[in-house]
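Below is one structure, written out as structure tokens; the observations come after it.
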DNA sequence: CATTCGTGGCA
DNA sequence: TTGCCAAGAAT
């Protein structure tokens, strides 16, 4: 492809000069620790820097190296991940850490293929960790780079399509500065995150503006082209806050995979058609724990959006009528004090409910 | 190739 | 209030 505006050498140079003065001071950039690079890249999957920042500090403090992470309990890892979302990332980090200790003597693999074999490490993360921590000449292709390149080349095709992704990856690889792949990759993502933003891009501050095909005709906000997503359905949910005579509350652990896998929660579930929230509450507790409860009063209603659906959660204060709760799915359930609720990883919607019931006298 | 998997910020 | 979307991976 013949280059417009900027030669590849000029592209690399302008990007490099810009990044040398505009790079944000981020904690995982202060040293070159493959472990920290790995943790940060996993945290940054589908997650903004501002949101990941406090989690990174806390996580590497709690688990300073691969061995510490490998020796930790999953519950402890999830507790440190609580609120960050996509909890499969935390489960995979934990699995991968044990794999690294068992199969690689505690050393993070320094090759693209070695990295990709770790659970939770895909094309992007293998390229990112490989280039940043080990200097491998692998171009990253994340949402930032896709946005920068589709604007730079005015790519009219749907970036969700595999052939388009492959072409973009080749383009990124051709532009990659082989003398400093890690810094080049970071610079590309930094441009996307701070200048070439989805809305209101700061083209006047862009180091590669003079080569940008979209900016030439003012169409930068039309890229990247994406197929529109289906609207998210809304689900009505009822949960039971069951309080025992001694004040302890009943919580259970979710199955180890799937939505919010491994997190703890108050029992409950979907409200079926024609069913009241209180009825659903009692039925779910009966099905999940084999006991009868009396819903006393509705504590609150919490609306919450997940990635592909949203819920309206009706929370009910309940009394145990009879029986000893035991889960029917083999996962543990526990009577815990209100203070102990801080020691278990809960989904966001549950945590908001906990904030309510622990600050009031109920 | 399409779907599943969180959360918070922003217009 | 709603929709969009952000340093993707697994299935």
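In this note's numbering, the protein residues as written are 8 to 369. All C-beta atoms in this analysis are idealised placements derived from N, C-alpha and C, irrespective of residue type, glycine included.
- Relative to residue 345, the option among 128, 228, 248, 162 whose CA is nearest is 248.
- In this structure the stretch 103-122 does not touch the stretch 159-179; the number of beta carbon pairs closer than 8 Å is below three.
- DSSP places residue 340 in the strand class (E or B) of the three-state scheme.
- For residue 309, DSSP records a beta bridge to 320.
- When C-beta atoms of the stretch 40-49 are compared with those of the stretch 137-149, three or more pairs fall below 8 Å, so the two segments count as touching.
- Taken in chain order, no unbroken stretch of alpha helix (DSSP H) lies wholly in the stretch 228-287 with a span of 4 residues or more.
- By the criterion of a C-beta distance shorter than 7 Å, residue 64 is surrounded in its chain by 34, once the five residues flanking it on both sides are discounted.
- In the three-state reduction of the DSSP assignment, residue 34 falls in the helix class.
- Straight-line spacing of the CA atoms in residue 136 and residue 188 works out to 11 Å.
- Residues 272, 273 of the same chain have their beta carbon placed closer than 7 Å to that of residue 357, with the five preceding and five following residues left out of the count.
- Residue pairing by DSSP places residue 325 opposite 249, 302 in a beta bridge.
- If you compare the alpha carbons of 207, 151, 99, 183 with that of residue 225, the shortest gap goes to 207.
- For residue 55, there is no enclosing alpha helix (DSSP H), since its DSSP letter is neither H nor E.
- Residue burial is scored here from C-beta neighbours: residue 214 has at least 16 other C-beta atoms within 10 angstroms and is therefore classed as buried.
- Under the three-state reduction of DSSP output, residue 164 falls in the coil class, being neither helix nor strand.
- For residue 316, the closest of 243, 26, 32 by C-alpha to C-alpha distance is 243.
- Of the candidates 276, 262, 250, 282, the residue whose Cα lies closest to the Cα of residue 342 is 250.
- Of the candidates 179, 295, 275, 275 places its Cα closest to the Cα of residue 320.
- Every alpha helix (DSSP H) stretch that sits fully inside the stretch 49-125 and reaches 4 residues is listed by chain position as 56-69, 73-78, 81-88, 95-111, 119-123.
- Here residue 151 has 196, 199, 200 as same chain residues with Cβ atoms under 6 Å from its own Cβ, once five neighbours each way along the sequence are excluded.
- For the pair residue 241 and residue 322, the Cα-to-Cα distance works out to about 17 Å.
- Membership of residue 130 in the alpha helix (DSSP H) is indicated by the continuous run 130-141.
- Contact between the stretch 46-58 and the stretch 85-100 is present: 3 or more CB-CB pairs across the two stretches fall below 8 Å.
- Relative to the Cα of residue 105, the nearest Cα in the group 87, 95, 126 belongs to 126.
- For residue 188, the enclosing alpha helix (DSSP H) stretches over residues 188-201.
- The continuous alpha helix (DSSP H) containing residue 175 extends over residues 169-182.
- Sequence-distant partners of residue 31 (beyond 5 residues in either direction) whose C-beta falls short of 8 Å from its own C-beta, in its chain, are 56, 197, 201.
- Close CB contacts of residue 326 within its chain, under the 8 Å cut and outside five residues either way in sequence, are with 249, 250, 300, 301, 303 (chain order).
- Around the CB of residue 46, 16 or more other CB atoms lie within 10 Å, so the residue is classed as buried.
- Between residue 100 and residue 81, the CB-CB gap reaches or exceeds 8 Å.
- Judged by DSSP secondary structure, residue 21 falls within the alpha helix (DSSP H) whose first and last residues are 15-29.
- Secondary structure of residue 363 (DSSP, three-state): helix.
- Cα atoms of residue 255 and residue 95: separation of roughly 29 Å, rounded to the nearest angstrom.
- In this chain, the alpha helix (DSSP H) harbouring residue 153 covers 150-159.
- Of 78, 131, 97, the smallest CA-CA separation from residue 113 is found for 78.
- Following the DSSP letters along the chain, one finds residue 221 inside the alpha helix (DSSP H) bounded by residues 220-223.
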